[in-house]
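Shown next, in structure tokens, is the structure this report addresses.
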Amino acid sequence: MKYLKILCITFVSTGLLAGCEATVQPKQFPELRYTHLPAISLAVGKVDVVQKYQSSTQKPHVESEFPVLPATAAGNWIRDRISAVGGPDTIRGTVTKASVVEVPLKRSSGIRGAFTKDQSERYDATLAVKIEIFDANGKLRGTVSSQATRSQTVSEDISLADREQVWFRMTEAMMNDLNGSLERQIREHFRQWLR
């Protein structure tokens, strides 16, 4: 009987402890695509996407930790928005910069620091894209470019999930800026290729 009690207590305790275990599923962020927007049809034979920017995995660079990489989102924009509808020329869309630098911020110290929630890091992001048109001989016929930047601070007590949400919003905001700027410039400077 005594062993039965111990066995019951052990099973109940194990069950209670197992019930306390919390499994946090990582948040899935949508891939930033632009197929819902009308394609910009240009009289070119093909569209090449070049990832010129080489992302660093060393601090202070943190772009490789973003849930949606800025360079990937920019490449998606080029593929989704620019449509080759035939012609002798070629478009080259180049992601020239896609960096995010983490800057540690000074925190309060002493008694004040114990009762204060400071902003602990700032993220400085830059995303740049260049669109060029080359003729069949490789001669540059036209170019447009745009750069978007964002800077965001986060609190010292931010969770990883909230930090990733901040990073996603930064990428999305930069891409919205690039989308508007590049479309305006293409329509203004690439008129002879517009279809």
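Here our numbering runs 3 ahead of the position in the sequence shown, where the first position is 1. C-beta atoms are modelled at their ideal positions from N, C-alpha and C, and glycine is treated no differently.
The beta strand (DSSP E) that contains residue i, what's its start and end?
| i | result |
| --- | --- |
| leucine 163 | No beta strand (DSSP E) holds leucine 163; the alpha helix (DSSP H) holding it covers 163 to 192. |
| glutamine 31 | Neither: glutamine 31 is in no beta strand (DSSP E) and is coded neither H nor E. |
| arginine 153 | 143 to 158 |
Spatial neighbours of residue i within its chain, please: C-beta separation below 7 Å, excluding the five flanking residues on both sides.
| i | result |
| --- | --- |
| aspartate 180 | Ala151 |
| serine 184 | Ser149 |
| alanine 74 | Gln54, Tyr56, Ser58, Val98 and Ala101 |
| valine 169 | Gln155 and Val157 |
| arginine 153 | Ala128, Met173, Ala176 and Met177 |
If I'm right that residue i touches residue j with Cβ under 8 Å, what's the distance once you round it to whole angstroms?
| i | j | result |
| --- | --- | --- |
| valine 50 | isoleucine 94 | 5 Å |
| methionine 178 | alanine 128 | With a Cβ gap of about 11 Å, methionine 178 and alanine 128 do not count as contacting. |
| alanine 139 | alanine 101 | Contact doesn't hold; Cβ gap of about 30 Å is too wide. |
| valine 71 | leucine 40 | 17 Å between Cβ atoms; not a contact. |
| aspartate 92 | leucine 108 | 48 Å between Cβ atoms; not a contact. |
Under 6 Å Cβ to Cβ from residue i, same chain only, skipping five residues before and after it: list those, please.
| i | result |
| --- | --- |
| threonine 97 | Val53, Lys55 and Lys133 |
| serine 44 | Ser86, Val88 and Arg198 |
| isoleucine 81 | Val52 and Gly96 |
| glycine 210 | Outside the modelled stretch of the chain, which goes from 4 to 198, sits residue 210, for which no answer is possible. |
| valine 65 | Val103 and Glu105 |
Leaving out the 5 sequence neighbours to the left and right, which residues in its chain are closer than 8 Å to residue i when beta-carbon positions are compared?
| i | result |
| --- | --- |
| threonine 99 | Lys55, Tyr56, Ala131, Val132, Lys133 and Ser148 |
| phenylalanine 171 | Phe32, Phe69, Pro70 and Val71 |
| arginine 166 | Val157 |
| glutamate 186 | Ile43 and Arg84 |
| glycine 90 | Leu45, Ala46, Val47, Gly48 and Trp196 |
Is any beta-carbon of chain D found at less than 8 Å from that of residue i?
| i | result |
| --- | --- |
| glycine 145 | No chain D is present in this structure, which holds just one protein chain. |
| field | beta strand (DSSP E) segments (min. 3 residues) lying fully within the segment 44 to 129 | value | As far as the segment 44 to 129 is concerned, its whole beta strand (DSSP E) runs of at least 3 residues are 49 to 54, 85 to 87 and 93 to 107.
| Sufficient close CB pairs (3 or more, under 8 Å) joining the segment 31 to 38 to the segment 124 to 140 | Under the 8 Å Cβ criterion, the segment 31 to 38 does not count as touching the segment 124 to 140, having fewer than three qualifying pairs.
| Touch test, the segment 158 to 167 against the segment 50 to 63, Cβ-Cβ under 8 Å, three pairs minimum | The count of Cβ pairs closer than 8 Å, one atom from the segment 158 to 167 and one from the segment 50 to 63, stays below three, leaving the stretches out of contact.
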